[in-house]
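Visitor: My questions will all concern the structure given below.
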Amino acid sequence: MKKSMLKTSLGVAVALASSQLLASGFALNEQSISGMGTGFAGRSSSAEDASTVFGNPAGMSRLKREQVTVGGAAVIAKSKISGQGSYGGETDGDMVPVVGVPMGYYVKPIDDHWSVGFGVYVPFGLVTDYGSDDAARYWGKKSHVEVVTFQPTVSYAFNDKVSVGFGPTFNRIEGELGSNLRNLVPGGADGEVKIKGDDVAVGYNIGVMVQATDRTRLGLTYHSMVDYKLEGKTKVGYSVPPLGINIDDKFDATLKIKTPESVDFSVTHELDDQWTLFAGSTWTRWSRLEAITVNNELPAGLAANPIGGAFGTISEEQHWHDTWAHAIGASYKVNKQWTLRTGFSVDQSPTNNENRSPRIPTGDRKIFSLGAGWSPNDDMTIDVAYSYLWEEDTKVNNRPDTPQEGALKGSYQAKYENSAHGVGASLTYRF
C-alpha cells in the first residue's frame, strides 16, 4: 500500500508534462514561434527575434534594435485508447484539453558589446483529465501542472564573430492532481486522493554563438538543472456508509525533485540571399528521474490508523533514461515582407515499458512543422507556425504489486495512439 496509494501520482503530476505536448518527457518546446516553424532546428544559432533570450542568450548581441516579442501556442491533442481496467469504466481518448502556452521577451542593445533582456515563458506543463468513470481513474484521474519561468539576461559580444550570454532563471512550479481509490476501507465507497503543491527555485541558462564563416553560424546553449522542494497539501476522502462515517483528512506533503539539464547545439547556414538551412540536436539528462518519493506529515490520530498510516511515505521507481532530439529545417525569403519556413524533428521518449502510466503514455515521436513570417514594415514582424506530431503506439500495463494494491486499484492495460496539432502566433515590434 505504501506504493499503491499515489503510484504515478504526486511525483509524476508535479514533475511531468503531458505526452501530447510537442517535446519529450515534461519539457515544452513552445518558447518561440519563429523557431516552431523550422521545428526548432536552429534554436541556439538563429537569433531571429527576442525569443533568443531562451533559445540562446548570446544571440541578443545580434539584435541591433530594441524589441519586444510576445506570442502564444495552442496544442490540440488526440489519443485513441484501446484497453480496459479490472474494475470497469469507459475508455476515453479525450483526456487532454486544449493547452495554451504563452511567452514574452524583451531585448535592448546597450552598445556594440552589451545587450540586456528579459523573458517569461512556460518550460513545463501538464493537463490530463480522465473523468470519474474512466478505466484509468485509479491510476491517474486528473493532473494539472504548470511551471512559469522569469529570466533576466545579459549578453556580451567580444567582436562580430563571438558572443556569450547568461541569464538566471526564477522558476515557479505548482500542481494539482486527483486519483480514485477503490474500497479504501472495507464496506466503503471509492476514496479519492487530491494533492496540491508549489515551490520557487533558481537555475540558469548560458550560451555561446560563433559566426564561423560569412554564411555559417554555430550556437550552443546549456539549460541548468533546477532543484525543487514542493510543499503542499494531501487530501484524502473516503466513507463507510454502513457505519455512517465520512472522513476528510488533509495533511502537509513535501516532494524533492530535480528537473534535468539539457544541452542544445545547432547550425544555421545561409545558402544564398533567399535560402537558409538549419540543423540541431538536444541532449536532456532525464536519467535524473530515478524515483519519486513523497513525504506526508500525518496527524497523530491518522498516523495511528492502519489505513491512514500508509500515507506517511510513498515512493515509486521511475528509471527514466537520457534522450536525444534531432531536427532539420529551412527557410525561404520570398521578398522583403515574407519568409516561409519548414522543419522536421524526431524526439525520443524517456519512459520505459515497465513504468509507463496513463498520466504519461508517451512514446518516441516525429514532428512536421510549417511557418511564415510577415514584416509589413521594418518595425514589425508577425510569425505564425503549425506543427503535427505523431507518436509510436505505446502500451500501458499497470498491475498491482500486492493483493492489497489490487483491491484498491486493480489493473489497467491499454494501447495508446497519440497525435497532436500545434498552432502558434507571435508579434515582434522593434523600437
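Using mature numbering (1 follows the signal peptide of the UniProt record, and there is no 0), the letters of the sequence shown correspond one by one to residues -23 to -1, 1 to 408.
Don't be surprised by glycine CBs; every beta carbon is placed ideally from N, CA and C.
1) Please state whether the Cβ-Cβ distance between GLY94 and LYS85 is less than 8 Å.
2) Taking ASP26 as the reference, give the member of ALA230, GLY348, TYR82, VAL125 with the closest Cα.
3) Using a Cβ distance threshold of 8 Å, determine whether the region 293 to 309 contacts the region 243 to 261, with at least three qualifying pairs required.
4) Measuring alpha carbon to alpha carbon, tell me which of GLN325, ALA362, ASN136, GLY214 ends up nearest GLU7.
5) According to the neighbour-count rule (16 or more other Cβ atoms, all chains shown, within 10 Å of its Cβ), is MET72 buried or exposed?
6) Taking the alpha carbon of THR198 as the point to measure from, which residue in GLY66, SER21, LEU317, LEU385 has its own alpha carbon closest?
7) Measuring only the C-alpha atoms, how far is LYS171 from THR270?
8) Please say whether TYR181 and GLY144 have beta carbons closer to each other than 8 Å?
9) What are the start and end residues of each continuous beta strand (DSSP E) run of 3 or more residues lying completely inside the region 187 to 246, in chain order?
10) Let me confirm a value: ASN329 is counted as buried when at least 16 other C-beta atoms fall within 10 Å, else exposed. Which label applies?
11) Indicate the three-state DSSP secondary structure (helix, strand or coil) for ILE172 in the structure shown.
12) Among ASP191, LYS212, GLU238, which residue has its Cα nearest to the Cα of LEU204?
13) With DSSP as the reference, identify every bridge partner of ILE305, one or two as the case may be.
14) Is it buried or exposed for GLY142, if we count other Cβ within 10 angstroms and need 16 for buried?
15) With a threshold of 6 Å on Cβ separation, who are the neighbours of GLY70 within its own chain once the five nearest residues in sequence on each side are excluded?
16) Mind reading off the beta-carbon distance from GLY214 to ASP225? Whole number of angstroms is fine, and I expect it under 8 Å.
17) What distance in whole Å lies between the Cβ atoms of GLY49 and MET80, which are believed to be in contact at a cut-off of 8 Å?
18) Which two residues bound the contiguous alpha helix (DSSP H) that contains MET13?
19) Is the beta carbon of MET202 closer than 8 Å to that of ARG265?
20) For the ligand FAD, is there any heavy atom lying closer than 7 Å to the beta carbon of PHE255?
21) Leaving out five residues before and five after GLN188 in sequence, what residues of the same chain have Cβ atoms less than 6 Å from its Cβ?
22) If you measure between the beta carbons of GLY102 and VAL76, is that distance less than 8 Å?
23) Can you tell me whether PRO34 is helix, strand or coil according to DSSP?
24) For SER396 and ASP378, what's the separation of their Cα atoms in angstroms?
25) Check for me: the beta strand (DSSP E) holding ARG149 runs from which residue to which?
26) By the DSSP assignment, the beta strand (DSSP E) with TRP91 in it spans what residues?
27) Which residues mark the beginning and the end of the beta strand (DSSP E) in which ARG262 is found?
28) Quick check on this structure: which residue in LYS392, LYS235, GLU123 has the alpha carbon closest to the alpha carbon of THR105?
29) In this structure, how does DSSP classify TRP116 when only helix, strand and coil are distinguished?
30) Residues in the same chain with beta-carbon distance under 7 Å from ALA178, minus the five sequence neighbours each way, listed in chain order, please.
31) Tell me, to the nearest whole angstrom, how far the beta carbon of PRO100 is from that of LEU5; I am working on the premise that it is less than 8 Å.
Guide: Put simply:
1) Remark: C-beta atoms of GLY94 and LYS85 approach each other more closely than 8 Å.
2) Ranking ALA230, GLY348, TYR82, VAL125 by Cα distance to ASP26 puts TYR82 first.
3) Touching, yes, given that three or more Cβ pairs across the two stretches are closer than 8 Å.
4) Checked all of GLN325, ALA362, ASN136, GLY214; the closest Cα to GLU7 is ALA362.
5) Flag for MET72 reads buried.
6) Among GLY66, SER21, LEU317, LEU385, the Cα nearest to that of THR198 belongs to SER21.
7) Near 16 Å, if we compare the C-alpha coordinates of THR270 and LYS171.
8) A contact, by the Cβ cut-off of 8 Å.
9) Uninterrupted beta strand (DSSP E) stretches at least 3 residues long and entirely within the region 187 to 246 occur at 193 to 200, 203 to 217, 222 to 236, given in chain order.
10) ASN329 comes out exposed.
11) ILE172: strand per DSSP, three-state reduction.
12) Residue identity differs from the one stated: residue 204 is Asp in this sequence, not Leu. Residue nearest to ASP204 within the set ASP191, LYS212, GLU238 is GLU238 (criterion: CA-CA distance).
13) Answer is ALA256, PHE321, bridged to ILE305.
14) Residue environment for GLY142: buried (at least 16 other C-beta atoms within 10 angstroms of its C-beta).
15) Non-local beta-carbon contacts of GLY70 in its own chain, meaning distances under 6 Å to residues more than five positions away in sequence, involve SER56, LYS57, ILE58 in chain order.
16) 5 Å between Cβ atoms; contact.
17) Indeed they touch by this definition, with Cβ atoms about 6 Å apart.
18) Taken as a continuous stretch (DSSP letters only), the alpha helix (DSSP H) holding MET13 covers 10 to 13.
19) In this structure, the beta-carbon distance from ARG265 to MET202 falls below 8 Å.
20) The model depicted lacks the ligand FAD and carries no ligand whatsoever.
21) Excluding its 5 nearest sequence neighbours in each direction, GLN188 has C-beta neighbours in its own chain below 6 Å: LYS138, ARG194, listed in chain order.
22) Against a cut-off of 8 Å, the Cβ pair of VAL76 and GLY102 comes out as a contact.
23) PRO34 falls in the helix class under three-state DSSP.
24) Going from the Cα of SER396 to the Cα of ASP378 covers about 31 Å.
25) From DSSP, the beta strand (DSSP E) with ARG149 extends over 139 to 158.
26) Per DSSP, TRP91 belongs to the beta strand (DSSP E) from 91 to 106.
27) DSSP places ARG262 outside any beta strand (DSSP E), giving it a letter other than H or E.
28) Selection LYS392, LYS235, GLU123 evaluated against THR105 yields GLU123 as nearest (Cα-Cα).
29) Under the three-state reduction of DSSP, TRP116 is assigned to helix.
30) Exclusion of the five residues before and after ALA178 leaves ASN148, VAL203, ASP204, TYR205 as the residues of its chain whose Cβ lies within less than 7 Å of its Cβ.
31) The distance from the Cβ of PRO100 to that of LEU5 is about 6 Å, consistent with a contact at the 8 Å cut-off.
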